[in-house]
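Numbered per numbering that gives the first Met the number 0, the sequence shown finishes at 333, counting up by one with no gaps.
What follows is a set of notes on a single structure, which appears directly below.
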Amino acid sequence: MARALTPEIGARFAAVALGHVSREYPYKPGHVLAGPADARTPADLHPIFHGSYDWHSCVHGYWLLARVLRRFPDGAQAGAIRAQFDARLTPDRVAGECASFAAPHARGFERPYGWAWLLKLADELARLPETRWSEALAPLAALIVRRFGDFLPIAPYPVRVGTHFNTAFALRLAADYAEGAGEAALGALLLETAERWYGADAGCPAWGEPGGDDFLSSALIEAECMRRLLPPVRFRPWFDRFLPDLAAGRPATLFQPADVTDRSDGKIAHLDGLNLSRAWCFRALAAALDPADPRCPPLAAAAEAHLGAALPHVTGDYMGEHWLASFALLALEA
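Below, the structure is given as structure tokens:
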């Protein structure tokens, strides 16, 4: 039987996230310092997202908490999640986050990975019955929508690496917000950009995968991006061209879980995330196909193999623990 999110797993993941979203140190800042006054503490710079080692990991830690709360509103950690949100997701703290984005040198801050996760969080909060948290975050979500609107039209090429700069991952997450929020202009821009960047791609060899610090498969996340944005009648012919030999288990490198040799090394620990994000993509892509499609069994088997390789290591060392559960949740909920 395929692995799935359970109340027990949700409570365990939420407990992990609650333990790090407010843990200020160690912290990796992402801002350019224009002068001595910019050398500020994480909590001063980011009144909400100053935990979890870095800004984007804190954002998707909050997304995990929101998702677990929506799935299990009476779960073991539900009260603690609500208390955390009431303490942190407030208008004044959101204003502080917006101020950091308004700094003169912050144009590219968290572009595009953190932007995408912020919109993913906003989408999840909007699905909760408690409206106060979504309403509080709305100014920051609107700011990020404007950033996407300014950036995507002037970005001539995609970024295909397996790390934070991957543009397909950003389009994929932003699409959930655009649909849920009824942001038709953003949705149209995401689709136009995906077609411009990826529409002509075919025969993907995946020869560069995995890289030594990848947590995304550039091939699979591109396919998942196109699955999310294209209508099914257009996605399937594109998918047939892009990865034509999946039924035969090729490219073979995509089907072999990555080997993680040192989970205390932050870059090498990314490979656990690669296994989880591949599982997410394998599951989502298989679900988009006819159940009788010969690609479904190898995709499902690969998803389970990758989950089996990574799930035991979601916790244990802070270099992975501060972010891996979010990707495990994506995979289990695909």
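We treat Cβ as the ideally placed atom computed from N, Cα and C, and that holds for glycine.
Straight-line CA distance for residue i to residue j?
i, j, result
"A371", "G95", "Because the chain spans 0 through 333 in this model, residue 371 falls outside it and cannot be assessed."
"A154", "R226", "21 angstroms"
"R235", "L273", "24 angstroms"
"G34", "A102", "12 angstroms"
"H30", "G248", "42 angstroms"
"L32", "G198", "39 angstroms"
"H55", "N165", "14 angstroms"
"P90", "I47", "11 angstroms"
"L4", "V160", "29 angstroms"
What does the Cβ neighbour count give for residue i, buried or exposed, with the cut at 16 atoms within 10 Å?
i, result
"P72", "exposed"
"W279", "buried"
"R126", "exposed"
"P111", "buried"
"H104", "exposed"
"A98", "exposed"
"V232", "exposed"
"D289", "exposed"
"A115", "buried"
"D41", "According to the sequence shown, residue 41 is Pro rather than Asp. The residue is buried, with at least 16 neighbouring Cβ atoms inside 10 Å."
Please return the same chain residues whose Cβ sits closer than 7 angstroms to the Cβ of residue i, not counting the five positions on each side in sequence.
i, result
"P204", "P250"
"W314", "Sequence inspection shows Thr at residue 314; the Trp mentioned does not correspond to that position. If we look at T314 and ignore the five residues flanking it on each side, its Cβ neighbours are V15 and E320."
"L124", "A65, W132, S133 and L136"
"Y61", "V20 and L120"
"T260", "I267"
"L298", "L245, F281, L284 and A285"
So, under 8 angstroms CB-CB, residue i and residue j are touching, yes? Tell me the CB distance rounded to an integer number of Å.
i, j, result
"D53", "Y24", "No, D53 and Y24 are not in contact; Cβ-Cβ is about 12 angstroms, not under 8 angstroms."
"P157", "A173", "So it is not a contact: roughly 14 angstroms between Cβ atoms."
"G50", "R11", "That belief does not hold up - the Cβ atoms of G50 and R11 are roughly 18 angstroms apart, past 8 angstroms."
"H59", "W322", "7 angstroms"
"T192", "L151", "5 angstroms"
"L340", "A300", "Here the chain comprises residues numbered 0 to 333, so residue 340 is not present and cannot be evaluated."
"L188", "Q83", "So it is not a contact: roughly 33 angstroms between Cβ atoms."
"L270", "D213", "7 angstroms"
Kindly indicate which residue of the options has the alpha-carbon position closest to the one of residue i.
i, options, result
"D85", "R11, A135 and H305", "A135"
"A184", "G148, Y197 and S276", "G148"
"I8", "R22, L32, V67 and C57", "V67"
"A201", "E221, Q76 and A82", "E221"
"H305", "D244, P231 and L215", "L215"
"L275", "L242, L298, R294 and L310", "L310"
"R146", "R159, L118 and D122", "L118"
"E194", "Y176, W237 and A3", "W237"
"C57", "A13, A302 and G74", "A13"
Report yes if the C-beta of residue i is less than 6 angstroms from at least one heavy atom of the ligand MG; otherwise report no.
i, result
"G272", "Of ligands this structure carries none, so the ligand MG is not represented either."
Check whether the Cβ of residue i lies closer than 7 angstroms to any Cβ atom in chain D.
i, result
"D213", "In summary, chain D is missing from the structure at hand, where a single protein chain is found."
With a CB to CB cut of under 6 angstroms and the five nearest residues on each side skipped, what residues in its chain are close to residue i?
i, result
"L139", "V93, E96 and C97"
"E332", "L4"
"W196", "P157"
Within its chain, find whatever has a CB closer than 8 angstroms to the CB of residue i; leave out the 5 residues flanking it on each side and keep chain order.
i, result
"R69", "E123, R126 and L127"
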